[in-house]
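Written below as structure tokens is the structure these notes are about.
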Amino acid sequence: MVPVTLTFSEPVVGFDMQDLLIENGTADSMNQLNSTTYLINIIPSEQGDVKIAITPEALQDNAGNTLSDSQETYHFEYDTIPPQIDYDYYPKTLNTVTPVTLNITLTEICILDSSHIKVTSGEVKSIEPSSAGVYHTVTILPSSCGYLTIEITNIMDEAGNIQLQAQTIEILIDCIAYMGDVISRANSNGLSDVNVTVVFPEDDIYPISKTDVNGQYAMHLPAMDEKWYVFKFEKQGYISQTFSNKMTPEEETPFV
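Oh and the sequence shown: position 255 is 257 in my numbering, straight run, nothing missing.
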């Protein structure tokens, strides 16, 4: 049941529920609040637009003037269905700590921001809505190897309906974190944007993230068998260094 208030420009006489023309609903009750205001309870027939008009000859003011023709006096959207979510993400296979793009499709226009997305082992970098308001592109930054968990919750549509159940997404980042001292402790304060290249056997570049104030850094590399690797560390303004070392998962192996 939806309460609707009708207010006229001046007092009217002879107005009751039979004078209402309702599309997609019926009037359940009507109460006169004062000489110009009426409260009408409408029962919509189905989801969608509800329109209320008044029979022209039904209304008269104190001077006997009536409405010139039937006019729509009020309409509203009846919506009690909560929004639903569909999603997709890429890349589908992750063996390094790299950004994840999450595409969210909603069944209707909703506001979606970082308060609706909870990330475990990562963070939301950006949310870009489309002009239509139902498509959103979310960039997630994982923080470690293992499972990246994304929970989408409490999304509300324009009618105030909230999604009934949180949507949880689990993505496996199949890699292992290797620890070590990068280049030298003397340079540790200036190495926040160092890149490491696994020259052999992968020949790929991976970011290094600082983990403590003593110069310890973590490399997130694909889970590989114990073998020899050749590494190259680079940072603008610092020396480049190429050397080989044997990396073992979950061990602190000093690089230099």
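Cβ atoms here follow ideal geometry from the backbone N, Cα and C, with glycine treated the same way.
query, result
"What does a CB cutoff of less than 6 Å around Ser146 pick up in its chain, not counting 5 residues either side in sequence?", "Ser123"
"Between the segment 54-64 and the segment 93-109, are three or more C-beta pairs nearer than 8 Å?", "no"
"Val99 and Pro46: beta carbons closer than 7 Å?", "no"
"Under three-state DSSP, which class holds Asp159?", "strand"
"Consult DSSP for Ser117 and reduce its assignment to one of helix, strand or coil.", "helix"
"Are at least three pairs of beta-carbons, each pair with one atom in the segment 77-84 and one in the segment 29-43, less than 8 Å apart?", "no"
"Out of curiosity, what's the CA-to-CA distance linking Gln243 and Tyr149?", "Low confidence applies to Gln243: its pLDDT is 47, below 50, so where it sits in the model is not reliable, and the reading given next is rough at best. One C-alpha to the other measures close to 33 Å."
"What are the partner residues of Gln20, as DSSP defines its beta bridges?", "In DSSP, Gln20 forms no bridge with anything."
"Here's a check: name, in chain order, each residue in its chain whose Cβ is nearer than 7 Å to the Cβ of Glu48, leaving out the five neighbours to either side.", "Asn26"
"Can you tell which of Leu22, Met3, Ala161, Leu8 has its C-alpha closest to the C-alpha of Glu110?", "Ala161"
"Among Ile113, Ile87, Tyr92, which has the Cα closest to the Cα of Gln167?", "Ile87"
"So, at 7 Å on beta carbons, what are the nonlocal neighbours of Pro5 in its own chain, with the 5 sequence-adjacent residues on each side left out?", "Leu41, Asn43"
"Got a sec? Which residues, its chain only, sit under 6 Å from Glu153 by beta carbon, not counting five neighbours each side?", "Lys120, Ala168, Thr170"
"Please report the straight-line C-alpha distance between Asn163 and Pro85, rounded to a whole angstrom.", "7 Å"
"According to DSSP, is Pro85 helix, strand or coil?", "coil"
"Roughly how many angstroms lie between the CA atoms of Ile14 and Cys112, to the nearest whole one?", "Sequence inspection shows Val at residue 14; the Ile mentioned does not correspond to that position. Looking at the two C-alpha atoms, the distance is approximately 41 Å."
"Under the DSSP definition of a beta bridge, which residues are partnered with Leu96?", "Ile175"
"Any idea which residues DSSP pairs Phe128 with across the strands?", "Contrary to the premise, residue 128 reads as Ser rather than Phe in this sequence. Thr141."
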